[in-house]
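In UniProt numbering, the protein residues as written are 141 to 687. For every residue, glycine included, the Cβ atom is placed at its ideal position computed from N, Cα and C.
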Ligand code: DQQ
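Spelled out as structure tokens, the structure:
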């Protein structure tokens with residue numbers, strides 16, 4: 141089982157052993173980033189979760205602490221499920237989470253640090269008033285979970301939203317208000333709803349500025365406090381206009397979607413710019429994600445769970461399951477105004493070691509060329525292609541139905557597939573392809589697709605090798621097609637066109653492991669394409685320890 145051993149990541153957050161799922165209660169507190177996570181301490185598959193806890197000073201190097209919350213109260217005896225942190229006005233944190241009991245009946249509870257002066261927040265206690273919220277009339281106790289971070293509005297009340305579904309399978313976000321986190325009042329109208337979307341898990345709701353990369357704290361934005369005035373002075377961007385993001389994790393499809401829109405502090409309702417739950421954060425494995433406002437650097441940071449693509453049997457053999465995707469800075473794409481951008485937090489760049497730069501080269505049809513400096517299983521790869529000039533070809537047969545799944549990188553078009561093969565052996569038997577594909581549309585135009593193809597990533601059995609992909613918006617003013625790919629043993633994370641689209645894949649090579657792993661560039665289209673630049677960095681490992 142050398143290949144299972146080789147799947148352990150080198151610079152991603154993963155549990156020491158056993159099963160992890162959703163990120164919970166991320167926050168910055170007294171000099172430390174805190175990450176809590178759904179964790180089954182007893183097995184490498186999901187089971188009644190506790191909250192694992194880890195701290196970091198840079199979002200990259202983590203130390204494990206003891207479990208923060210365990211299922212030991214009558215109202216959470218079947219698991220301390222997902223929840224969020226809120227920093228109160230006095231600077232101390234409070235957690236709200238879902239407790240599960242009696243056949244997974246769900247209610248909401250509160251936990252606070254035993255000693256708020258401890259920057260590591262090692263010990264937590266559940267408040268005697270728990271559970272503080274039961275499912276409202278008309279909502280099943282099986283469909284009522286994952287409270288958000290609370291925010292303060294000008295009326296001095298704290299508000300949270302909680303995901304649920306109606307008997308008709310309408311996904312909804314319930315709104316509650318409170319003075320003290322212990323007594324909560326349900327608002328009659330929902331924050332948002334979308335018919336036929338099923339249960340909304342891990343709802344996230346936050347503002348994004350229309351210009352610039354800075355994040356904002358929702359309470360500071362809506363309350364209008366002294367703190368806000370200070371911020372406005374220090375950070376001119378803060379006075380710029382903003383939009384709201386509503387993210388929902390769809391239990392039915394296991395995908396995270398986000399809608400941009402506006403929030404009315406009169407009606408406490410969200411109005412999406414376009415109907416529906418919106419596009420996906422990530423076109424691969426990325427679920428139950430959650431953001432937090434990082435007061436240290438004024439960023440909004442996104443955490444998401446990257447589940448395994450192998451079997452539970454293999455997870456038990458490995459002794460662990462799941463990683464957290466690299467935390468991503470998230471902000472509005474000012475160029476389009478209609479999507480957010482996601483990019484690995486800049487601290488990840490500190491893990492970069494040796495850099496090898498490949499000069500510009502034309503890739504002929506069928507070229508598969510090994511990249512110098514790309515050996516090994518831990519890489520950070522920046523790839524830029526010239527945008528092909530589609531006007532040079534006569535009219536071609538439309539190919540609109542190609543969605544990456546039909547043959548993946550082996551498909552042949554005019555412009556593409558072209559891109560890179562990561563975690564590849566010398567014979568190019570195993571490879572995970574990340575590529576662009578210019579699609580001739582039925583209307584005579586062209587659209588650009590980007591795909592992550594796992595179908596030939598491994599010779600091992602029992603793997604989910606679904607090919608992921610989507611169209612990416614390339615603006616007429618943009619003359620390059622680019623992506624950045626983080627490779628780390630069993631995870632491949634792709635960020636396209638400055639972060640407009642992301643794809644996270646989990647792969648388990650058997651040949652292309654350790655130092656036997658190679659990197660290639662390829663072009664499988666019938667026309668040449670120009671690789672403008674390729675930078676590949678060796679990535680150092682993080683050593684995670686318990687403290
Ligand atoms: N995982 C938690 C729930 C949440 C789900 C339980 C999403 O609170 O809805 O482990 O993955």
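Contact check for residue 593 against residue 556 fails: the beta carbons are separated by 8 Å or more. Under the rule that a run must span 3 or more residues, the beta strand (DSSP E) segments found entirely inside the stretch 591 to 652 read 608 to 612, 620 to 628, 631 to 636, 641 to 646. Residue environment: residue 589 is assigned as buried (16 or more neighbouring CB atoms within 10 Å of its CB, all protein chains considered). The residues 519, 562, in chain order, have a CB closer than 6 Å to that of residue 627 in the same chain once the five nearest residues on each side in sequence are set aside. Counting the other Cβ atoms within 10 Å of the Cβ of residue 166 gives 16 or more, which makes it buried.
For residue 400 against residue 416, the beta-carbon gap comes to about 12 Å, at or over 8 Å, which does not count as contact. Relative to the ligand DQQ, the nearest heavy atom lies less than 7 Å away from the CB of residue 161. When beta bridges are read from the DSSP output, residue 564 appears opposite 658. Put simply, the stretch 654 to 664 touches the stretch 496 to 509. At least three CB pairs are less than 8 Å apart. Residue 335 is classed as exposed because its beta carbon has fewer than 16 other beta carbons within 10 Å across all chains shown.
By the Cβ neighbour-count rule, residue 285 is buried, with 16 or more other Cβ atoms within 10 Å of its own. Distances from the alpha-carbon of residue 487 to those of 441, 242, 457, 472 put 441 closest. Positions of the beta strand (DSSP E) runs, each at least 3 residues long and wholly inside the stretch 478 to 530, are given as 480 to 484, 492 to 498, 501 to 503, 508 to 510, 518 to 526 in order along the chain. Short of 7 Å from the beta carbon of residue 450, and not among the five residues preceding or following it, lie these beta carbons of its own chain, in chain order: 602, 603, 648.
About 13 Å separates the Cβ atoms of residue 272 and residue 246, ruling out a contact at the 8 Å cut-off. Judged by DSSP in its simplified three-state form, residue 192 adopts strand. With 16 or more other Cβ atoms from the protein chains shown falling within 10 Å of its own Cβ, residue 608 counts as buried. The closest heavy atom of the ligand DQQ lies 7 Å or more from the beta carbon of residue 644.
Counting the other CB atoms within 10 Å of its CB gives residue 687 a total below 16, which places it among the exposed residues. A residue is called buried once 16 or more other Cβ atoms fall within 10 Å of its Cβ, and residue 637 is buried on that count.
Proximity of the beta carbon of residue 678 to the ligand DQQ is not indicated: no heavy atom of the ligand is located closer than 7 Å. Scanning the stretch 298 to 342 from its first residue to its last, no whole alpha helix (DSSP H) run of 4-plus residues comes out. Distances from the alpha-carbon of residue 389 to those of 460, 327, 312 put 312 closest. Here DSSP, grouped into helix, strand and coil, assigns residue 678 to strand.
Taking a contact to require three or more Cβ pairs closer than 8 Å, the stretch 250 to 267 and the stretch 299 to 312 do not qualify as touching.
Taken through DSSP and simplified to helix, strand or coil, residue 441 comes out as strand. For residue 525, the closest alpha carbon among the candidates 559, 362, 497, 571 is that of 559. Look at residue 248 here: in three-state DSSP terms it is strand. In this structure, the C-beta of residue 421 stays at least 7 Å away from each heavy atom of the ligand DQQ.
Comparing C-alpha distances from residue 362 to each of 404, 396, 321 shows the shortest one belongs to 404. Within a 10 Å sphere around the beta-carbon of residue 454 sit 16 or more other beta-carbons, which makes this residue buried. Counting only residues of its own chain and dropping the five nearest sequence neighbours on each side, residue 213 has a CB closer than 8 Å to the CB of 239, 249, 266, 270. Judged by beta-carbon spacing, residue 410 lies beyond the 8 Å limit of residue 427, meaning their Cβ atoms are not closer than that value.
Secondary structure of residue 426 (DSSP, three-state): coil. Within the DSSP secondary-structure output, residue 180 pairs in a beta bridge with 159. Distances from the CB of residue 244 to the heavy atoms of the ligand DQQ are all 7 Å or more.
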